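Comments concern the structure below.
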Amino acid sequence: MRVLLVGAGGVGTAVTRIAARRPFFELMVVADYDPARAETAVAALGADGDRFRAERVDAGDEAQVTALLERHGCDVLLNATDPRFVMPLFRAARAGGATYLDMAMSLSRPHGERPHEECGVKLGDEQFAQAAEWEEAGLLALVGIGVEPGLSDVFARYAADELFDEIEEIGVRDGANLTVDGYDFAPSFSIWTTIEECLNPPVVYEKDRGWYTTEPFSEPEVFDFPEGIGPVECVNVEHEEVLLVPRWVDARRVTFKYGLGREFTDTLRTLHLLGLDRTEPVTVPGPDGPVKVSPRDVVAACLPDPATLGDRMRGKTCAGTWVRGTKDGAPREVYLYHVVDNQWSMSEYGCQAVVWQTAVNPVVALELLATGAWSGAGVLGAEAFPAGPFLDLLTGYGSPWGLREQ
């Protein structure tokens with residue numbers, strides 16, 4: 062397997078450090094718009110970096126990405142950029158005849174008249190619209206294979222196959238007790254992506270109704286997270302699992318709720334109120350005349366890079382899937398989860414917990430594809446594959462998952 066990894070930020074760098082310990086691939090080309098980031102990621106691997114090469118690439122230039130695939134003979138493209146670049150990289154992989162993986166899907170657009178009742182363009186719609194072409198070509202696009210979406214979807218598949226006869230509800234629940242020394246507000250993941258998913262209308266799935274939307278931060282509930290994290294208030298947030306799980310898993314209801322905390326949600330509401338969540342450029346004065354800038358890009362530039370916060374972070378992060386239904390005629394309720402302690406991920410890999418937890422899952426998926434344990438064609442989510450091999454290999458990477466009867 063020869064892999065083109067596009068994006069050498071926090072998650073991309075974590076991918077290289079995890080993959081460097083595994084023998085399943087021949088070459089990984091690490092490409093970024095900023096060549097220094099790619100070179101730094103490769104150089105940090107030291108003696109383990111023999112199978113890695115650094116390159117510069119514009120993720121929005123499909124022809125350039127396809128040419129890079131061909132130049133290095135890469136048969137897989139792993140997208141570790143933000144969601145703005147999903148579609149050009151998705152198309153470039155198809156043009157280059159490569160398997161494609163991402164950790165976030167093509168962007169949504171709210172309904173023009175009823176944004177908090179009806180779906181407009183849903184997450185992943187643009188990718189699923191091309192599913193037949195990928196299948197006819199015998200190519201695989203494995204979409205949403207980070208931690209959420211990704212591992213959370215694997216948990217949904219495992220619950221359906223192994224733990225339940227009938228499922229009433231699948232609810233992804235994400236929470237943490239992470240703090241960052243020296244910062245009053247420092248998101249542990251890309252603020253660009255966080256704004257996108259938190260301020261868009263959340264999507265809920267009900268079998269008798271289909272997909273519909275609600276107000277941001279709706280339906281608050283307190284969820285008790287394991288391994289000392291404890292109770293955290295969680296709210297509805299737009300996320301890919303709600304669009305993926307119902308395609309392959311039979312459940313009457315699917316939700317995603319994120320444990321953001323009141324201070325975080327108030328900050329996001331303020332950004333929205335001021336229009337600072339907008340991606341459309343605005344004109345501002347510059348030293349050489351007026352310049353156009355995206356308000357959201359300005360917010361991101363004003364905050365610390367999440368990848369650099371590991372030494373200041375304390376605590377744990379938990380991703381998991383809560384499932385309610387019946388088994389052998391009796392009610393059952395479980396929470397399947399994966400917890401990463403920032404102290405462990407920093408000491409073991411030099412990566413903060415949130416980016417490491419995101420990065421380990423596409424590497425596991427790559428290894429399953431390389432060995433043939435997972436195979437397929439078309440545009441598929443993790444739910445379309447057997448869960449057992451993934452969970453076994455994740456444990457083999459030294460990061461076991463858990464199951465709690467509720």
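Per the numbering used here: the sequence shown = residues 62 to 467. Backbone N, C-alpha and C fix where the C-beta goes; we use that ideal spot for every residue, glycine too. It should be emphasised that the depicted structure is a prediction, and the values quoted were computed from it without experimental measurement.
Next item on the list: Report back the beta-carbon spacing between W253 and K183 to the nearest angstrom; my notes put them in contact at under 8 Å.
Entry: So it is not a contact: roughly 20 Å between Cβ atoms.
Checklist line | Length of the line joining the Cα atoms of M407 and G376 | finding: Roughly 12 Å between the two C-alpha positions.
Next item on the list: Tell me, to the nearest whole angstrom, how far the beta carbon of A420 is from that of V76; I am working on the premise that it is less than 8 Å.
Entry: A420 to V76, Cβ: 5 Å. Contact.
Next item on the list: Please check the pair R112 and A69, which I expect to be a contact at CB under 8 Å, by giving their CB distance rounded to whole angstroms.
Entry: The beta-carbon distance between R112 and A69, rounded to whole angstroms, is 16 Å. This is too long to meet the 8 Å contact definition.
Item checked: Straight-line Cα distance separating D235 from T378 -> Going by the C-alpha atoms only, they are around 8 Å apart.
Note to self: Would the region 213-225 count as touching the region 299-319 if we require 3 or more Cβ pairs under 8 Å?
What the structure shows: The region 213-225 vs the region 299-319: in contact.
Notebook entry, point to check: Looking at P171 and G181, is the spacing between their C-beta atoms short of 7 Å?
Noted result: With contacts defined by Cβ atoms closer than 7 Å, G181 and P171 form a contacting pair.
Notebook entry, point to check: Over what stretch of residues does the alpha helix (DSSP H) that includes T101 continue unbroken?
Noted result: Residues P96 to A104.
Note to self: Let's see if you can read the secondary structure: which residues bound the alpha helix (DSSP H) around L429?
What the structure shows: Element bounds for L429: A414 to T432.
Note to self: Taking the alpha helix (DSSP H) that F146 belongs to, which residues open and close that run?
What the structure shows: Neither: F146 is in no alpha helix (DSSP H) and is coded neither H nor E.
Notebook entry, point to check: So what does DSSP say about F278, is it helix, strand or coil?
Noted result: Here F278 sits in coil by DSSP.
Note to self: Taking only three categories from DSSP, how would you classify M166?
What the structure shows: In the three-state reduction of the DSSP assignment, M166 falls in the coil class, being assigned neither a helical nor a strand state.
Next item on the list: Within its chain, find whatever has a CB closer than 7 Å to the CB of P342; leave out the 5 residues flanking it on each side and keep chain order.
Entry: Cβ neighbours of P342 beyond the five flanking positions: K353, V354 and S355.
Item checked: Straight-line gap, V315 to V384 (C-alpha atoms, nearest Å) -> Going from the Cα of V315 to the Cα of V384 covers about 9 Å.
Margin query: DSSP has L231 in a bridge; who is on the other side?
Written below: A small correction: the amino acid at residue 231 is Ile; Leu does not occupy that position in the sequence shown. V315 and V384, per the DSSP bridge assignment.
Check: Hey, S213 and Q188: beta-carbon distance below 7 Å or not?
Finding: Against a cut-off of 7 Å, the Cβ pair of Q188 and S213 comes out as no contact.
Next item on the list: Along the alpha helix (DSSP H) that carries A75, what are the first and last residues, could you check?
Entry: Residues G71 to A80.
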